[in-house]
Every structure is written in C-alpha cells, then in structure tokens.
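So the structure is just underneath, and the comments pick up after that.
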Amino acid sequence: MLNLVLFGPPGAGKGTQSEKLIANYQLVHLSTGYILRNEIKNQTALGLEAKKLMDDGILVPDEVVIGMIGNKLEENKNAKGFIFDGFPRTTAQAEALDKLLAGKNTAVTMMLALEVDNEELTKRLLLRGKDSGRADDSNESIIRNRINEYNNKTAPLKSYYTAQGKFHAVNGIGSVDEIFTALCKLIDK
Ligand code: AMP
C-alpha cells in the first residue's frame, strides 16, 4: 500500500497537490478538514461542536479526528493506499495513525512536506477566502491562530517522521506542476 501523509501549514497547497496525487496513484483521499466541514454542513452534533473551534482557527480534540480516520479506514478496506491531508496534526494523532495502520498490516510510507514561508501563506489564505467563502480563510487574526497552532502542535511532527526516516520536503513555492513533479519524484524513488 502507498500511504502518504501530506504535511505543511494552512495554505501550503496540500489540497491542490492531493487532487493530483490521488489521480496519479489512485489513492483514497482522507482530509479531516473536509470531513469536519461536511459534518457542519449536515449540522451533526459533532459538526456543531467542531464549528466553534474551527471558526477560531483552533484544532479540534484528537479523539474526534482519530475516530473519524478510524471509521474511514474501515470504510475503505480495499483501497490501494491513502493520502492523509491535514492529518495527523499532533503527535498523539501520529501515534494513533501508526497504530491504526499497523492493525491493518500496513504503515505510513512517507511524509511529504510542502515548505512555504509565513508571509506567502497569509497572502494565499486571504486570497482563497475571497473565493472559498471559508470564514477561517477570511480573517487575518484567525489565519494567525491557525499558523500558530501549526507551529506549536503540528510542526513537531517533522521530528516524529524524521526519526522514522520518512520525512521528505519540497519547496512549496512554484507552479502547481513543478511542485507535483517534485513530489512524484520522491514517491517513485
Ligand atoms: P483544514 O481544512 O485542514 O485547514 O482544517 C480546517 C480546520 O479543521 C482546522 O483549523 C481545525 O480546526 C480543524 N481540523 C482539521 N483537521 C484537523 C486535525 N487533524 N486535528 C485537529 N483539528 C483539525
């Protein structure tokens, strides 16, 4: 199985590159942000609870997203592999993912990090907010919260996957195709 973890701060281009990687490698896309936004749209209890945190750019509790990913892995038993987009975002989530995959006799193949500086990220997110209508993309102080959450809770995952020999970074500034080619080169190696 090919199990890719896409890593990078909000606005790094994870969603865009996910779409291209899924098409190329026939992977199942698991984006916790997307699943959560769907829960909000359907006004589920989980969605209503998560919305408050998401609107402030704060991470939702680990148990919530770990449970969601566990369910999706069960629902896609015959997948050739997965692309994890926006998950894991904390060390507890990374440990839980290792356990979930080990239970299916598989593992994370590699983490692919998209590296983009903070100034470019804020610019991209504000631009995206105009088109996507996402409240958390439209306000500079929420964007700053999201980048802070990333730096405090998610950035340490670089060491987690480096220790496993699975961390690979590419420059996230450039054309969509250039970045995609760089990612494919790493995967196909
Ligand atoms: P995203 O679409 O990945 O930028 O996620 C949007 C929001 O959903 C984040 O700011 C968090 O509030 C929440 N979220 C998404 N994925 C996770 C996760 N793995 N852990 C905790 N919160 C998450």
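If you read the sequence shown in the numbering used here, its first letter stands for residue 7, the second for the next number, and so on.
Quick reminder that beta carbons are idealized off the backbone N, C-alpha and C, glycines included.
It should be emphasised that the depicted structure is a prediction, and the values quoted were computed from it without experimental measurement.
Residue i beta carbon near ligand 1 (any heavy atom closer than 7 Å)
{"i": "Val71", "result": "yes"}
{"i": "Pro162", "result": "no"}
{"i": "Val34", "result": "no"}
{"i": "Arg95", "result": "yes"}
{"i": "Arg152", "result": "yes"}
{"i": "Val66", "result": "yes"}
{"i": "Thr22", "result": "no"}
{"i": "Leu12", "result": "no"}
{"i": "Pro15", "result": "no"}
{"i": "Gln99", "result": "yes"}
{"i": "Met60", "result": "yes"}
{"i": "Gly76", "result": "no"}
{"i": "Gly63", "result": "yes"}
{"i": "Leu42", "result": "yes"}
{"i": "Gly135", "result": "no"}
{"i": "Thr50", "result": "no"}
{"i": "Gly19", "result": "no"}
{"i": "Thr38", "result": "yes"}
{"i": "Asp104", "result": "no"}
{"i": "Gly53", "result": "no"}
{"i": "Asp142", "result": "yes"}
{"i": "Gly92", "result": "yes"}
One or two residues paired with residue i in a DSSP bridge
{"i": "Leu12", "result": "Asp91 and Leu118"}
{"i": "Leu36", "result": "Phe90"}
Buried/exposed call for residue i, threshold 16 Cβ in 10 Å
{"i": "Leu127", "result": "buried"}
{"i": "Ala51", "result": "exposed"}
{"i": "Lys195", "result": "exposed"}
{"i": "Thr160", "result": "buried"}
{"i": "Thr187", "result": "exposed"}
{"i": "Gly63", "result": "buried"}
{"i": "Leu189", "result": "buried"}
{"i": "Leu131", "result": "buried"}
Distance between residue j and residue i (C-alpha atoms, nearest Å)
{"i": "Thr22", "j": "Val182", "result": "8 Å"}
{"i": "Lys58", "j": "Asp91", "result": "21 Å"}
{"i": "Asn124", "j": "Ile153", "result": "8 Å"}
{"i": "Leu103", "j": "Tyr167", "result": "12 Å"}
{"i": "Leu27", "j": "Leu163", "result": "22 Å"}
{"i": "Glu55", "j": "Leu42", "result": "10 Å"}
{"i": "Tyr40", "j": "Asp137", "result": "16 Å"}
{"i": "Glu101", "j": "Leu79", "result": "16 Å"}
{"i": "Ser206", "j": "Ser165", "result": "No answer is possible for residue 206: it lies beyond the span of the chain, which begins at 7 and ends at 195."}
{"i": "Ala29", "j": "Val11", "result": "16 Å"}
{"i": "Leu8", "j": "Ala113", "result": "9 Å"}
{"i": "Asp61", "j": "Ala108", "result": "34 Å"}
{"i": "Arg75", "j": "Thr38", "result": "In the sequence as presented, Arg is not what sits at residue 75; that position holds Ile. Answer to the nearest angstrom: the Cα atoms are 8 Å apart."}
query = Is it true that the region 174-184 meets the region 112-126, where meeting means three or more beta-carbon pairs spaced less than 8 Å apart?
reply = They touch, by the three-pair rule.
query = Quick check: the region 138-153 against the region 13-27, are there 3 or more CB pairs under 8 Å?
reply = These segments touch.
message = Tell me whether the region 84-97 and the region 53-73 touch, counting them as touching only if at least three CB pairs, one residue from each stretch, are closer than 8 Å.
response = Judged by pairs of C-beta atoms under 8 Å, the region 84-97 touches the region 53-73, as three or more such pairs exist.
key: Segment contact flag, the region 71-90 with the region 20-34, C-beta cutoff 8 Å, min 3 pairs   = Two segments are said to touch when three or more pairs of C-beta atoms, one from each, lie closer than 8 Å; by this definition the region 71-90 touches the region 20-34.
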